[in-house]
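Participant:
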Amino acid sequence: MSAVEMKTACVTGGNGYIASALIKMLLQKGYAVKTTVRNPDDMKKNSHLKDLEALGPLEVFRADMDEEGSFDDVKPAAITPSSSPLR
Numbered sequence: 001m002s003a004v005e006m007k008t009a010c011v012t013g014g015n016g017y018i019a020s021a022l023i024k025m026l027l028q029k030g031y032a033v034k035t036t037v038r039n040p041d042d043m044k045k046n047s048h049l050k051d052l053e054a055l056g057p058l059e060v061f062r063a064d065m066d067e068e069g070s071f072d073d074v075k076p077a078a079i080t081p082s083s084s085p086l087r
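First residue of the sequence shown? That's 1 in UniProt numbering, and the numbers climb one at a time after it.
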């Protein structure tokens with residue numbers, strides 16, 4: 001799939017187990033992936049995302065479901081929710 005034809009998906013809660021597996025699968029299938037996490041600078045929780053960047057285009061955005069407008073910078077063709085605001 002060329003860069004022009006590449007489809008983009010968004011996976012929320014990128015540092016979760018299911019989201020991480022989904023991100024890996026999408027990247028392996030040639031998708032560009034945007035993912036959201038509460039704190040992109042927390043490398044303890046997000047270091048595995050750095051490793052996944054080797055598979056394809058992956059952008060990590062800061063977003064919190066409790067903050068209105070925090071998803072405004074993430075404008076994907078499709079959003080795959082894999083997180084919950086429940087704590």
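C-beta atoms are modelled at their ideal positions from N, C-alpha and C, and glycine is treated no differently. Just so it is clear, the structure is predicted and the values come from calculations on it, not from any experiment.
(1) For S20, count the other beta carbons within 10 Å of its own beta carbon; 16 or more makes it buried, fewer makes it exposed. Which is it?
(2) Measuring CB to CB, does L27 end up less than 7 Å from G69?
(3) What residue range does the alpha helix (DSSP H) around K50 cover?
(4) Determine the direct distance from the alpha carbon of A54 to that of M43, and round the result to whole angstroms.
(5) Measuring alpha carbon to alpha carbon, tell me which of G30, N15, L22, T12 ends up nearest M6.
Facilitator: On the basis of the data shown:
(1) buried
(2) no
(3) 43 to 52
(4) 17 Å
(5) G30
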